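Working notes for the structure below.
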Amino acid sequence: MNKIKILHIIRPAAGGMKNHLINLIRHTDKNKFSITVACPPSTALWDELYQMGVNLIPIPLAGEISLSKDYAVIRTLVKYLHQSRTTIMHAHSSKAALVGRIAGIIARTPVIVFTAHNSIFYEEWPGWKKKIYATVEKILARFTDRIITVSDALKQELVEKEEISLSRLTTIYNGIEIEKFNQEFDKEEIKKELKLPPSGVVIGTIARLAPQKGVAYLLKAASLLKEYNITLLIVGDGPLRQQLEEEALELGLGNRAIFAGMRENIEEIYAVLDIFVLPSVTEGLPLAILEAMAAAKPVVATRVGGVPEAILEGKTGLVVSPKDPEALAVALAGLLGERELLSRMGKNGLKHVNDKFTITLMVQKTLDLYSQLLLDKNISVDR
């Protein structure tokens, strides 16, 4: 049986998008599909895919537009798509979808798919740039067999702001390996390693320290909770780390705010948290929220993107307005000291994510979509 060839294209990615692609590849049926990934070399994603034995194509794909580099990427992709006779081209993120779809159109690749992980409209771009991107997206959507959105909120945004037809859009929620997070850990030892106090409430976030994650608002919220015995744990790295550390000192948080940097065993971090917080300004459907619920932790997050679709308000956590540290502080204060409520929310969250946000569901729905698109083109999976 000849396998259906898939080419995934992705820009340098960390966190949710990286994990999404790796999980999708790991659980795709290798008896039916042959997978190749085009992405920049010398990145964590490249290294992990290499260790998995995935066939890789190096491309100089960056986040910003670069006529020379993007032209080189398109040429490389067109050549590969032609020579390999790839059947499905699946791009992840707007930049990868821009060059990938142009290459797919030129190479006449039978099936073109794009997963939109987040909105371009919350990037710190000038209005004219967003307008150009939206126009280009509207044009390229006509040559895209299906655009997958990770939340209904993002799907609705593409309809309203990019005038994409609903018939070209499908929501497939992100999924996670629940068993990885729902296990026993030596919490005392982990706390020692992270320099956390043995007692008191640990409020934490795991995020790239960039503007869209809104960590500055969490620091301000924590500064309003000084009468409570809390420690704030911030895991992750990024361009704002030094600035955020300075803000924490200015807000008088001192050793009550611990910046732990990048960590490998993220599941151990969730184990020592009492409350997980995601104060983002923009999101698609954040994996961190799903991971926290899989670890049976209550979640407090901002009402952006697909977050309200992931959290059952009052049952698995609380949702507040973005960029509002006072509202965030009030929500957290209402949970502090309520051990029974925190435990109940955690158990509800575990059940909720197990019902709706597993890797099995995400991969199966993606493969079902592939099969349907192949059927529409009269291409047999078993050819």
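Converting from the sequence shown to our numbering requires adding 194 to each position, the first position being numbered 1. No residue lacks a Cβ here, since even glycine has one placed at the ideal position from N, Cα and C. In this text the structure is predicted, and so the values were computed from the model without any measurement.
Query, Result
"Quick one: using the 10 Å Cβ neighbour count with 16 as the cut-off for buried, is residue 414 buried or exposed?", "buried"
"Going by beta-carbon coordinates alone, are residue 513 and residue 507 separated by less than 7 Å?", "yes"
"Here's the rule I'm using: 16 or more other beta-carbon atoms within 10 Å means buried, otherwise exposed. How should residue 464 be labelled?", "buried"
"Output yes or no for whether 7 Å exceeds the beta carbon distance between residue 419 and residue 291.", "no"
"Closest by CA to residue 385, which one among 353, 375, 398 and 517?", "398"
"Under the rule that 16 or more other beta-carbon atoms within 10 Å means buried, what is residue 289, buried or exposed?", "buried"
"Hey, residue 479 and residue 287: beta-carbon distance below 7 Å or not?", "no"
"Report buried or exposed for residue 375, applying the criterion of at least 16 other Cβ atoms within 10 angstroms of its Cβ.", "buried"
"Mapping DSSP to helix, strand and coil, what is residue 320?", "coil"
"Within the continuous beta strand (DSSP E) that includes residue 361, where are the two ends?", "Unbroken run through residue 361: none, as it is neither H nor E."
"Quick check on this structure: which residue in 225, 253, 228 and 560 has the alpha carbon closest to the alpha carbon of residue 234?", "253"
"When DSSP builds the beta bridges, which residues end up paired with residue 375?", "Its beta-bridge partners do not exist; DSSP assigns none."
"As a quick exercise: from 433, 382, 474 and 556, pick the residue whose alpha carbon is nearest that of residue 462.", "382"
"From the DSSP output, which residues share a beta bridge with residue 199?", "228"
"Report the residue from 573, 491, 530 and 562 whose alpha carbon sits nearest the alpha carbon of residue 539.", "491"
"How long is the line joining the alpha carbons of residue 349 and residue 391, rounded to whole angstroms?", "43 Å"
"Should residue 259 go down as buried or exposed, given a rule of 16 or more other Cβ atoms within 10 Å for buried?", "exposed"
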